[in-house]
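J.: Following this message is one structure expressed as structure tokens.
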Amino acid sequence: MTVYDAPINEMEFLIKDVFDLNSITALPGYEEATEDMVDAILEEAGKLGRDIIAPLARTSDVENPVWKDNTVTTAPGFKEAYAQFIEGGWQGIGCDPEFGGMGLPFVLSNAVSEIWNASSIAFGLCPMLTGGAIEALETHGSDEQKEKYLGKMVSGEWTGTMNLTEPSAGSDLAAVSTKAVKQEDGTYKISGQKIFITFGEHDMTENIIHLVLARTPDAPAGSRGISLFIVPKYLVNDDGSLGERNPAYCISLEHKMGIHGSPTATMSFEDATGYLVKEENKGLACMFTMMNNARLNVGNEGFAAAERAYQCARAYARERTQSPLIGSKDKTSVSIDKHPDVRRMLLTMKSKTEAARAISYFAARQQDFFCKGTTDEDRAKADALIQLLTPVVKAYSTDIGAEVANDGIQVHGGMGFIEESGAPQWFRDVRITAIYEGTNGIQANDLIGRKVAMNGGAYLDILLPMIKEDIAAANAKGGVFAEMAAEVADGVVKIEDATKWLIDSFKEDPKQAATGSVHYLRLMGNVCGGWLLTKSAVVAQAKLDAGEGDPTFLKAKINTARFFTEQVMPVSGALANMFTKGYAAVLECEDDYL
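Quick note: the sequence shown uses the numbering used here, first residue 570, plus one each step.
What follows is the structure in structure tokens.
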């Protein structure tokens, strides 16, 4: 299996040059996030990812976690790797220093998360969910709850989970039936069953803090009656020591298509003690804080897996020798990366991965400005961009992850169907990400509804001028940059036209737009990816002109952007047409036609 090397030069280029690290370090609280700090953090994370976590991807795919008597023993090596993860303080690099975190920018912690996810999605899921639980408690927990739980969670000594899904309540959280009965001491007794709970039970830490959605007996029906509770595996005494075992048990582990190293638990709560977060019937808003965090991080998993699949396919293509090059007089066999179609596949994989990464890093940058911006206007603008791009980051990146992993299998040819090549695992592992935290169809409906139609396109009124400004700068450089700019500009027009139709039609019959919402989201992802790759190409050329940086890397950036605009962007018109005109056969389809 290919050794994973974090693309640190790519990460640093985005953080420092494309997204202007200096503008981030100018924000209050981020002054220490210098270029040297970024270099050191990424280098050390890269070592831990390459040397310790990445080998677990393959071994845990074969030797899975084991459930016995309501306890789970993680795959060999996970416990030891997690101990090193804790020792390095990695869980808390983006967390509030008040609770022991390093307080570094989101754009940097997002890059570090990519390293964990590319090394092993199965391993990376644990710190990802803990991070979401931390954010939920930071935002909605009481001072007492923060004091009791956050220090150990930020250090990574305790992990966190998200307990939403039930056997009869999947994406429809209004159907949640887990019960919460208030006790005289103010605690609640939680009873019910939750399924698909990632790292719901494991042996890597001494305690697990479950965040659980449940209903009180007199709660209103539907989503308005959901409350959120902290249900620790072990109760925590006032002095911080662990008390008695809470009856929150893992009663089985799921057998999955991929991410075999991640224990996916069925959890049973048997009058477990729970602590209300915020107020009764306000749980959905609290959980959405965690879910939005998770959606951005699941998007990270998508392009991280794509990076791993690309590295695997590239290494194989460089080593595999087969057939002379078409049109060559020399009949000597060449490595398959020289053949035009394989070259196309590798560039497709590379460009899609870099496009998805750039969108994610841009969204992470907005999180920094939302949290630390010095004016209300800056924070409001950043928040609008986060709201708009969250479903795009989640769905576009995870769709890309599956496509890139699939292309990686194809690059391998027959060996791609053989597990020992490593290629099949990246597809199996990444496939779940399009389902996690709201399926990609749900993300697309969220985009067209709450994020565009219902506010009259106000969020796009912030994003599209930014794109147009950068495209104008690329066009002014002429040559290949103008060609790239023209393709992105055409995509912007398609977004504007599709958005006008969306806003008008949504009022009369939202089912029309919902039929093709995934096409609208894909259009948005392609245009944003094309924009940021073109912007990156302009920055790369400026560095070349100034004699700075690695010329090979910078020229590759320009070529990758060129490929994306030539071979991926041209479908903008088709996506817009499918969105605005392709609903009739769906809506007029009789049940018997399916």
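Every residue gets a Cβ at the ideal spot worked out from N, C-alpha and C, and that includes glycine. Fair warning: this is a prediction, and the values are worked out from it, not measured in the lab.
What's the call for PRO674, buried or exposed, on a 16-neighbour Cβ count within 10 Å?
T.: Buried, since its Cβ has 16 or more Cβ neighbours within 10 Å.
J.: Report yes if the C-beta distance between LYS1063 and GLY1142 is below 8 Å; otherwise report no.
T.: Yes.
J.: Where do the ends of the alpha helix (DSSP H) carrying VAL1021 lie?
T.: Where VAL1021 is concerned, there is no enclosing alpha helix (DSSP H), given that its DSSP letter is neither H nor E.
J.: Taking the beta strand (DSSP E) that LYS751 belongs to, which residues open and close that run?
T.: Its beta strand (DSSP E) spans residues 748 to 751.
J.: Hey, would you say ASN732 sits closer than 8 Å to HIS779, going by beta carbons?
T.: Against a cut-off of 8 Å, the Cβ pair of HIS779 and ASN732 comes out as a contact.
J.: With HIS779 as the anchor, note down where its beta strand (DSSP E) starts and where it stops.
T.: Residues 776 to 783.
J.: Start and end of the beta strand (DSSP E) containing ASP836?
T.: Per the sequence presented here, residue 836 reads as Met, with Asp not at that position. Where MET836 is concerned, the enclosing beta strand (DSSP E) stretches over 833 to 845.
J.: What is the DSSP secondary structure of GLN762, counted as helix, strand or coil?
T.: In the structure shown, GLN762 sits in a strand (DSSP, three-state: E or B).
J.: Write down the C-beta distance between ASP765 and GLU823 rounded to the nearest angstrom, noting that I regard them as a contact closer than 8 Å.
T.: Strictly speaking, residue 765 in this sequence is Phe, with Asp absent from that position. With 8 Å as the limit, PHE765 and GLU823 qualify as a contact, their Cβ atoms being about 7 Å apart.
J.: Please report how far the alpha carbon of TRP1070 lies from the alpha carbon of ALA1022, in whole angstroms.
T.: Spanning the two alpha carbons is a distance of roughly 10 Å.
J.: Taking its Cβ as the centre, do 16 or more other Cβ atoms sit within 10 Å of GLU713, making it buried, or is it exposed?
T.: Answer is exposed; the Cβ neighbour count stays below 16.
J.: When the Cβ atoms of the region 783 to 793 are set against those of the region 874 to 888, are three or more pairs found closer than 8 Å?
T.: Short answer: they don't touch.
J.: Between which two residues does the alpha helix (DSSP H) harbouring ARG926 extend?
T.: Unbroken alpha helix (DSSP H) run through ARG926: 909 to 941.
J.: Going by C-alpha distance, which of PRO634, LYS921, MET1053 and VAL1049 is nearest LYS1037?
T.: For LYS1037, the nearest C-alpha among the options comes from MET1053.
J.: On the CB-based measure, 16 or more other CB atoms within 10 Å of its CB, does GLY1116 come out buried or exposed?
T.: GLY1116 is exposed by the Cβ-count criterion.
J.: Could you give the DSSP three-state label for LEU596: helix, strand or coil?
T.: Of the three classes helix, strand and coil, the one that applies to LEU596 here is coil, per DSSP.
J.: Identify the continuous beta strand (DSSP E) that holds GLY817 and give its terminal residues.
T.: The residue asked about is misnamed: residue 817 is Ala in this sequence, not Gly. Its beta strand (DSSP E) spans residues 817 to 822.
J.: What first and last residue would you give for the beta strand (DSSP E) that runs through ILE799?
T.: Segment 796 to 801, the beta strand (DSSP E) holding ILE799.
J.: Does the region 903 to 912 touch the region 885 to 893, meaning 3 or more C-beta pairs lie closer than 8 Å?
T.: Flag = yes, the region 885 to 893 and the region 903 to 912 touch.
J.: Return the CA-CA distance between MET722 and VAL1087, expressed in angstroms with no decimal places.
T.: Near 36 Å, if we compare the C-alpha coordinates of VAL1087 and MET722.
J.: Tell me which same chain residues have a C-beta within less than 7 Å of the C-beta of VAL1183, skipping the five on either side of it?
T.: In the structure displayed, the chain extends from 570 to 1163; residue 1183 sits before or after that span and is not available.
J.: Are the Cβ atoms of SER688 and GLY618 separated by less than 8 Å?
T.: Yes, these two residues count as a Cβ contact at 8 Å.
J.: Assuming VAL961 and MET1093 make a contact with CB atoms under 8 Å, what is their CB distance in whole Å?
T.: Contact holds; Cβ gap of about 5 Å.
J.: Suppose contacts are defined by Cβ-Cβ distances below 8 Å. Is MET1138 in contact with GLY1060 by that definition?
T.: Yes, the pair counts as a contact, with Cβ atoms nearer than the cut-off.
J.: Grab me the residues of ASP600's own chain with a C-beta within less than 8 Å of its C-beta, minus the 5 sequence neighbours each way, in chain order.
T.: Per the sequence presented here, residue 600 reads as Glu, with Asp not at that position. Within the same chain, GLU600 has close Cβ partners THR594.
J.: In this structure, how does DSSP classify LEU733 when only helix, strand and coil are distinguished?
T.: Three-state DSSP puts LEU733 in coil, outside helix and strand.
J.: Is SER682 helix, strand or coil when you go by DSSP?
T.: If DSSP states are grouped into helix, strand and coil, SER682 belongs with the helices.
J.: Quick check for students: name the residue ranges of the alpha helix (DSSP H) that lie wholly in the region 1050 to 1115, counting only runs of 4 or more.
T.: As far as the region 1050 to 1115 is concerned, its whole alpha helix (DSSP H) runs of at least 4 residues are 1079 to 1084 and 1086 to 1114.
J.: Determine the DSSP secondary structure at THR640, reduced to helix, strand or coil.
T.: Looking at THR640 - three-state DSSP - the assignment turns out to be strand.
J.: Going by DSSP in three states, THR767 sits in which element: helix, strand or coil?
T.: Three-state DSSP puts THR767 in a strand.
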